[in-house]
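Chemist:
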Amino acid sequence: MKFSALRNVAVLRASAVALTTAVAVSLLGTAASAVPEKPSKITSVTKEGRTWHLRVYSEAMAQEITVDVQRPVDESQPAPNLWMLNGLDGGLGTASWKAQTDALDFLSTKQVNVIQPIGGFASYYADWKQADPKLGLNKWTTFFTEELPPLLDEQLGSTGLNSLAGLSTSGTSVLQLAEAKPGLWKSVAAYSGCAQIADPLGKQFVKFSVETWGGGDTENMYGPDNDPAWAANDPVLNAEKLRGTQLYVFSGSGIPMIQDVQYYLNSAPGINGAVNLTLGVLIEGAVNACTANLKTKLDSLGIPATFNFNAVGTHYWPYWEQALHESWPMLANGMNIPA
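Letter by letter, the sequence shown follows residues -34 to -1, 1 to 305 in mature numbering (1 follows the signal peptide of the UniProt record, and there is no 0).
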């Protein structure tokens, strides 16, 4: 009986040792096999004259992003960074500052790094709640506000001063980004972007862009219509966060000029051109209302801003090119460089 009891104790001890060893091996094995997260970094730089093509790994999005940079007129001296965000297609197609305007030529004589991130199709450059089956994982706000700025400053030897400009959907984004990180961009220009997203009109804008044009699902972006994330990302509702930022906001009226009609019909002859013209009229007319609401809000808060309500104009590139030229003195002032 005594021998049997001792034998049972020995068995229990052996079992305990085996179990402890197995758990330890399992834990060590898990730790050893876990893949550590890669930090955000610039992985490559390709130079073509004053144009640099950066490949930047984003830890937040677990992918590499192309960032095109036009270097300043005097590369031997530090320069600030002007971030120029493209529209719905994120610069992946021909709907870009580079392809549709004289922006790069105009800025080529300035002492400024022109920063153009490529990607973010139909994402509004937002931090989405979850990955989208069509549009993937989007954490652009984190990339723009936390990951990319220090990498650019180090790689480009910049002054640390930044300005930001965007059009159409990114005209909304630049206001959201300025509110997400007050002070990062000293001056911000928004061209033909609807500044509200939480009310029915604003939501329809976002859904039209993300779902109808982009094929994504806004529930993966901000959640269902009653999710507080919509209000949390609404530039008008959060306008107090724009205090201290120099602002320029442009909108057309939606009334087409003859050149608008010619542009749309030449771009897509026939019924498609007529449909696009109608959309350009309706979109810019609605943008005008959004812009008026932003002005009312900023005025009520005593926050100064320059508003340009063009008496005519639909939703297309020549107006944004002109608005860039008109807003340049303010953008330059925010970066402490001559206009």
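Note that CB positions come from ideal geometry on N, CA and C, so glycine has one too.
Alpha carbon to alpha carbon, what distance is there between W94 and P270?
Modeler: 31 angstroms
Chemist: At what residues does the alpha helix (DSSP H) containing D119 begin and finish?
Modeler: In the DSSP assignment, D119 falls within the alpha helix (DSSP H) that extends over 114 to 122.
Chemist: Taking one C-beta from the segment 110 to 129 and one from the segment 68 to 84 each time, how about it: are there three or more such pairs within less than 8 angstroms?
Modeler: Output reads yes: the segment 68 to 84 touches the segment 110 to 129.
Chemist: Starting from N238, follow the alpha helix (DSSP H) in both directions and report where the run begins and ends.
Modeler: Per DSSP, the continuous alpha helix (DSSP H) segment holding N238 begins and ends at 237 to 267.
Chemist: Counting only the same chain and skipping the five closest in sequence on each side, list residues whose C-beta sits under 6 angstroms from that of Y91.
Modeler: W106, S139
Chemist: Can at least three beta-carbon pairs, one atom from the segment 179 to 195 and one from the segment 252 to 266, be found at a separation below 8 angstroms?
Modeler: no
Chemist: Alpha carbon to alpha carbon, how far is G300 from S74? Give it in angstroms, no decimals.
Modeler: 18 angstroms
Chemist: Exposed or buried, what is S233 when buried is set at 16 or more other beta-carbons lying within 10 Å of its beta-carbon?
Modeler: exposed
Chemist: Taking only the alpha-carbon atoms, compute the straight-line gap between F216 and A161 and give it to the nearest angstrom.
Modeler: 11 angstroms
Chemist: What are the boundary residues of the alpha helix (DSSP H) that includes K7?
Modeler: From DSSP, K7 is part of no alpha helix (DSSP H) but of the beta strand (DSSP E) over 7 to 14.
Chemist: So, helix, strand or coil for P83, using DSSP?
Modeler: Strand, per DSSP.
Chemist: S129: which of Q142, G123, L150, L117 sits nearest, CA to CA?
Modeler: L150
Chemist: Go through its chain and collect everything with a Cβ distance to N242's Cβ below 8 angstroms, but skip five positions before and after it.
Modeler: Y230, S233, A234
Chemist: Which word fits H291, buried or exposed, when buried means at least 16 other C-beta atoms lie within 10 angstroms of its C-beta?
Modeler: exposed
Chemist: Between D98 and the rest of its own chain, which residues show a CB-CB distance below 8 angstroms, the 5 nearest in sequence each way excluded?
Modeler: So the qualifying residues of the chain are N104, G182, D183, N186, M187.
Chemist: Among W49, L51, D34, G102, which has the Cα closest to the Cα of A26?
Modeler: G102
Chemist: Could you give the DSSP three-state label for L297: helix, strand or coil?
Modeler: helix
Chemist: In the DSSP assignment, what residue or residues form a beta bridge with F275?
Modeler: DSSP lists S217 as partners of F275.
Chemist: Thinking just about the alpha-carbon of each residue, which of P295, Q225, F273 is nearest to the one in A156?
Modeler: F273
Chemist: Please state whether DSSP places T211 in a helix, a strand or coil.
Modeler: Reduced to three states, the DSSP call for T211 is coil.
Chemist: With a 10 Å radius around its C-beta and 16 neighbouring C-beta atoms as the bar for buried, classify T60 as buried or exposed.
Modeler: With fewer than 16 other Cβ atoms from the protein chains shown falling within 10 Å of its own Cβ, T60 counts as exposed.
Chemist: What is the rounded straight-line gap between the Cα of Y23 and the Cα of L118?
Modeler: 12 angstroms
Chemist: The alpha helix (DSSP H) spanning A144 covers which residue range?
Modeler: Segment 135 to 146, the alpha helix (DSSP H) holding A144.
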